[in-house]
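Top to bottom, those sequences are chains A and B. Just so you know, we're using our numbering here: the first sequence kicks off at 1 and counts up by one. Just so you know, we're using our numbering here: the second sequence kicks off at 1001 and counts up by one. Note that CB positions come from ideal geometry on N, CA and C, so glycine has one too. The structure presented is a predicted model; accordingly, all values stated were derived computationally and were not measured. Right, one structure below, let's go through it.
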Amino acid sequence: MKVLVAMSGGVDSSVAAARLVAAENDVVGVTMKLWGGESDTGCCSVSDVDDARRVAQQLGIDHHVWNFGDDFESRVVGPYVEAHRHGATPNPCIECNRHLKFDRLLRRALAVGFDAVATGHHARIVERPDGTRRLARGADAAKDQSYVLYVLGQAELARTLLPVGAMTKDEVRAEAGALGLRTADKPDSQDVCFITSTAGRGGFLGRRLDLHAGRVVDGDGRQVGSVAAVELVTVGQRRGLGLPGGGSPRYAVDVDVAAAIVRVGPESELQRDTVVLERMVWADGPVEGRVGAQCAAHGAARPAAVTPTSARPGLGDAGPASAVVRFDRPGRRVAPGQSVVLYQGDEVVGGGIAGG
Amino acid sequence: MPEQLAYLDHAATTPLRPEARAAMLSWLGERFGNPSGAHRVARTARQAVDEARDAVAEAVACQPGDVVFTSGGTEADNLAVRGVHAARPGQVLCSAIEHDAVLGPVASVGGDTVPVDERGVIDLDALAGALAPGVTLVSVMAANNEVGTVQPLPEVAEVVRHLAPAAALHTDAVQAAPWLDLPGLVAGADLVSLSSHKLGGPQGVGALVVRRGTPLRAQALGGGQERELRSGTHNVAGIAGFAAALRATLATRDETAARVRGMRDRLARGLVAAVPGTVVTGAGGGPGRLPGCLHLCLPRVESEALLYLLDEAGVCASAASACASGAQQASHVLAAMGVPAERSRGALRLSLGWTTTEADVDHALATIPAAVARLQAAAA
């Protein structure tokens, strides 16, 4: 099989490439150049491209660098900034997977003659008896990345390989070490690639947005604190609200960016038993009934029931474009913009983005 | 590996000429020496550098003492821009289609760019409008590296002399040197940048011609080599190879240019006929284009995908300038020419050179239309 492996310069995609070569595929490596600005954590600095290229050389495969910076800006970074303007906090890695890795890159790979694209994500693709495919959790529960890949539909799953999904991270590192790959001991990338740890989210957004000071009020509308930038407050946030010490903990329960008001309240006000999901993507058609709903990249799925609601058809996959998820037990409200991914057992059946 | 290889990226670098290789070999073996020394080993090295200096001076029609050897075109451009600005602070102007090796230094000293027209030729009226007595340096390339348009340097020199008589004129002649009559073209320039590896010499060596009286402050300080304008022990092998390549280029230049121009035109005609909607960039009017350069915008394809397919089929080409990681970048040259972004997405530069053969052109003509059709079908 002719496979294009997306090599970030990290250990996972290095081993993914090595495994594909060992399995006698016709393998070519590509590094996506996504971000031209400052980065200290990310996947497309020159030194990461160097690592990817050097691993490709060691494996004896060709390596290319493809620049998708224009789409990364318009499809990932721009919307990320815009969402904050409206008080939402999206996950840019999911949008990158949706628009860049499994759209731009996959389409180009197919156009130039590849059969599939491979990545180093920790997730698996399983085939069901009826021939449909589903994304499933990776073998290493602590490193599972199925959450950020829920946007893959049948067409993408059929053309995607995840060679390290059945391995633990320790096994990946051990294999990289045994092969003598220079990325064997490279630290995992953790954060959003276009935000530096020194400037942080606030520093990045501050260069792109006019940030506005906001009043922090209690349930009766009395001002109890203040924030320097209302756009940077996330629902559920407790620190950094300028609240006086003592008393029972209070959290941001509502953020009104237009009015520059953050309302705080006790934990109980954050408790919700439902969340409405928009831009739903279903793995193989809408599912109704029992699911596990995972509300963050790392964390457990919570028992819940999902009801597809036919609101806005025609957003990609056939079927309802929104859904209501009712949790068995109330829990912390999902911040607007966050993705909620629905599982049956270890398999992803769909996911969507929490509305306001 | 593809069965046939057509190297059509001479504007990026050229194969080493045998004359250059021969001139270098002795310096990579039995001979060595620091030209600044005071003994017989040093003197032989000094002689090699002096003879190379004569060759460059002859090619440009300047005094041997005007030639400052550098590590290449980029260093020559940096020395020219930053060196003049350091010696005589003032306003710096350059064309909007300069190589990054000029744009970067010009931006670093707070300079401005002068627009070009839709053919990629500097707008002389705009230049005249921007010139003022406070301008101390104007930098306009002799020919562009992406689209190959030759700039009207004599006219530029005249405008500068007239409106900003105190300004120095620099020209990056890196791409022009293999093809054009340099003495005539750069006669009005005070500073001229050259690069060895664009004309069949080794990489890592070049020169800045600094005509007598031009204000210039060294940017690399140290042992005071090169009339104290560029310190550092000479790259003797590289300099000898550069000079040999330059001599070989000049000896066959007109004949090579005519032959390559014919092949370039056949390639252009063939591609325009085979791929409907193809636009040849910078065609028509003006002082013309370099014989080796063919820049096209192909419809409904993405350069990177096309380059991938061409590479697979053994056609080595490029799109615009590549950054350090190897990724293709949006072209500031096409943007300055007003080429719509949609069209510049399908940019392809095919650059022919002294080793190009009719078989290379045949291979390109057999490969490129099919690759374009395949990508267009996939996008449909």
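Step through the CB atoms of chain B and report whether any lies within less than 9 angstroms of the CB of A/D103. Locating residue 103 of chain A in the first sequence gives position 103, counting from the first residue. With 9 angstroms as the cut-off, A/D103 does not count as an interface residue toward chain B.
Judging by CA-CA distance, which residue of B/W1027, B/S1231, B/R1119 is the nearest neighbour of B/A1240? Along the second sequence, one-based indexing puts residue 1240 of chain B at 240. Selected option, being the one with the closest Cα: B/W1027.
Is A/K143 closer than 9 angstroms to A/K169 when the C-beta atoms are compared? Numbered from 1 along the first sequence, position 169 holds the residue referred to as residue 169 of chain A. Numbered from 1 along the first sequence, position 143 holds the residue referred to as residue 143 of chain A. In contact: A/K169 and A/K143 (Cβ atoms closer than 9 angstroms).
Hey, is A/A155's beta-carbon within less than 9 angstroms of any beta-carbon in chain B? On the first sequence, residue 155 of chain A is found 155 positions in, with the first residue counted as 1. Output row for A/A155: interface = no.
CA-to-CA distance, B/S1231 to B/P1291, given in whole angstroms: As a working mapping, residue 1291 of chain B is identified with position 291 in the second sequence. As a working mapping, residue 1231 of chain B is identified with position 231 in the second sequence. About 36 angstroms.
To the nearest angstrom, how far is the alpha carbon of B/V1106 from that of A/G265? Numbered from 1 along the second sequence, position 106 holds the residue referred to as residue 1106 of chain B. Numbered from 1 along the first sequence, position 265 holds the residue referred to as residue 265 of chain A. For B/V1106 and A/G265, the distance between alpha carbons rounds to 56 angstroms.
Out of curiosity, what's the CA-to-CA distance linking A/D48 and A/R329? Indexing the first sequence from 1 puts residue 48 of chain A at position 48. Indexing the first sequence from 1 puts residue 329 of chain A at position 329. Their Cα atoms are separated by approximately 44 angstroms.
Expressed to the nearest angstrom, what Euclidean distance is found between the alpha-carbon atoms of A/H86 and A/R201? Reading the first sequence from its first residue, position 86 is the one you call residue 86 of chain A. Reading the first sequence from its first residue, position 201 is the one you call residue 201 of chain A. Each residue's Cα considered, the two are about 15 angstroms apart.
Sheet register partners of B/T1171 (DSSP bridge): Along the second sequence, read from residue 1 onward, the residue named residue 1171 of chain B stands at position 171. DSSP output for B/T1171 lists B/V1192 as bridge partner(s).
Could you list which residues in chain B have their beta carbon closer than 7 angstroms to that of A/V112, in chain order? Sequence index remark: in the first sequence, residue 112 of chain A carries index 112 (1-based). What A/V112 touches in chain B: A1305, Y1308, L1309.
Hey, quick one: how far does the alpha helix (DSSP H) through A/K143 stretch, first residue to last? Numbered from its first residue, the first sequence carries residue 143 of chain A at position 143. Taken as a continuous stretch (DSSP letters only), A/K143 belongs to no alpha helix (DSSP H), as it is neither H nor E.
Short of 6 angstroms in beta carbon distance, which residues of its chain neighbour B/V1102, apart from the five on each side in sequence? Order them along the chain. On the second sequence, position 102 is the one that residue 1102 of chain B refers to. The answer, listed in chain order, is D1077, C1094, S1139, D1172.
Could you list which residues in chain B have their beta carbon closer than 7 angstroms to that of A/H64, in chain order? Counting from 1 along the first sequence, the entry for residue 64 of chain A is found at position 64. Within 7 angstroms Cβ-Cβ: Y1308.
Looking at A/R250 and A/D256, is the spacing between their C-beta atoms short of 9 angstroms? Taking the first residue of the first sequence as position 1, residue 256 of chain A is located at position 256. Taking the first residue of the first sequence as position 1, residue 250 of chain A is located at position 250. No, the pair does not count as a contact, with Cβ atoms beyond the cut-off.
Compare the C-beta of A/D115 against all C-beta atoms of chain B and say whether one is closer than 9 angstroms. Sequence index remark: in the first sequence, residue 115 of chain A carries index 115 (1-based). It does not; no Cβ of chain B falls within 9 angstroms.
For B/L1216 and B/L1229, believed in contact at Cβ under 8 angstroms, the rounded distance: The residue you call residue 1229 of chain B lines up with position 229 of the second sequence. The residue you call residue 1216 of chain B lines up with position 216 of the second sequence. That pair is a contact at about 6 angstroms.
Along chain A, which residues have their Cβ under 9 angstroms away from the Cβ of B/A1379? Counting from 1 along the second sequence, the entry for residue 1379 of chain B is found at position 379. The answer, in chain order, is R107, A111.
Does any residue of chain B have a CB that is nearer than 9 angstroms to the CB of A/E70? Here residue 70 of chain A corresponds to residue number 70 of the first sequence, with the count starting at 1. Inspection of the sequence shows that residue 70 of chain A is occupied by Asp rather than by Glu. By this cut-off, A/D70 is an interface position.
B/Q1175: buried (16+ other C-beta within 10 angstroms of its C-beta) or exposed? Taking the second sequence and counting its residues from 1, the one referred to as residue 1175 of chain B is at position 175. Per the 10 Å Cβ criterion, buried.
Integer Cβ distance of A/V30 from A/H64, believed to fall under 8 angstroms: If you number the first sequence from 1, residue 30 of chain A lands on position 30. If you number the first sequence from 1, residue 64 of chain A lands on position 64. Right, their Cβ atoms sit about 5 angstroms apart.
Would DSSP call A/M280 helix, strand or coil? Looking up residue 280 of chain A in the first sequence gives position 280. Correct three-state label for A/M280: strand.
Taking C-beta to C-beta, are B/W1354 and B/T1252 nearer than 9 angstroms? The residue you call residue 1354 of chain B lines up with position 354 of the second sequence. The residue you call residue 1252 of chain B lines up with position 252 of the second sequence. Against a cut-off of 9 angstroms, the Cβ pair of B/T1252 and B/W1354 comes out as a contact.
Residues in the same chain with beta-carbon distance under 6 angstroms from B/L1334, minus the five sequence neighbours each way, listed in chain order, please. Sequence index remark: in the second sequence, residue 1334 of chain B carries index 334 (1-based). Same-chain partners within the cutoff: S1344.
Say whether the segment 1112 to 1122 of chain B touches the segment 1265 to 1285 of chain B, bearing in mind that this needs 3 or more beta-carbon pairs closer than 8 angstroms, one atom from each stretch. yes
CA-to-CA distance, A/C295 to A/R272, given in whole angstroms: Here residue 272 of chain A refers to the residue found at position 272 of the first sequence. Here residue 295 of chain A refers to the residue found at position 295 of the first sequence. A/R272 and A/C295: Cα-Cα distance of roughly 13 angstroms.
How big is the Cα-Cα spacing for A/R19 and B/L1185? As a working note, residue 19 of chain A is residue 19 in the first sequence. As a working note, residue 1185 of chain B is residue 185 in the second sequence. Each residue's Cα considered, the two are about 57 angstroms apart.
Which full runs of the beta strand (DSSP E) of 3+ residues lie inside the segment 1250 to 1298 of chain B, going along the chain? 1293 to 1297
Contact set between B/L1375 and chain A, taken where Cβ atoms lie within less than 8 angstroms: On the second sequence, position 375 is the one that residue 1375 of chain B refers to. Residues of chain A passing the Cβ test: A111, V112.
I want to see whether chain A comes within less than 9 angstroms of B/A1330, judged by CB atoms only; does it? Mapped onto the second sequence, residue 1330 of chain B falls at position 330. Closer than 9 angstroms to some Cβ of chain A, the Cβ of B/A1330 qualifies, so yes.
Whole angstroms are fine: how far does the CA of A/M167 sit from the CA of A/A139? For the purposes of this step, residue 139 of chain A is taken as the residue at position 139 of the first sequence. For the purposes of this step, residue 167 of chain A is taken as the residue at position 167 of the first sequence. If you take the alpha carbons of A/A139 and A/M167, they lie about 6 angstroms apart.
For the beta strand (DSSP E) containing A/A304, list its first residue and its last residue. Within the first sequence, the letter at position 304 stands for residue 304 of chain A. Looking at the DSSP string, the run of the beta strand (DSSP E) that includes A/A304 is 302 to 309.
So, helix, strand or coil for B/T1233, using DSSP? Taking the second sequence and counting its residues from 1, one reaches residue 1233 of chain B at position 233. DSSP places B/T1233 in coil when its eight states are reduced to three.
Whole-angstrom Cβ separation of A/E347 and A/V148, contact assumed at under 8 angstroms? Working through the first sequence from its first residue, we reach residue 347 of chain A at position 347. Working through the first sequence from its first residue, we reach residue 148 of chain A at position 148. Not a contact, Cβ separation roughly 16 angstroms.
For B/L1350, three-class secondary structure by DSSP: The count along the second sequence starts at 1 and reaches residue 1350 of chain B at position 350. Three-state DSSP puts B/L1350 in a strand.
My output table needs one value for A/Q237: the three-state DSSP class, helix, strand or coil. As a working note, residue 237 of chain A is residue 237 in the first sequence. In this structure, A/Q237 counts as coil in the three-state DSSP scheme.
Looking at A/G331 and A/S339, is the spacing between their C-beta atoms short of 9 angstroms? Stepping through the first sequence from its first residue, residue 339 of chain A is reached at position 339. Stepping through the first sequence from its first residue, residue 331 of chain A is reached at position 331. Cβ atoms of A/S339 and A/G331: not closer than 9 angstroms.
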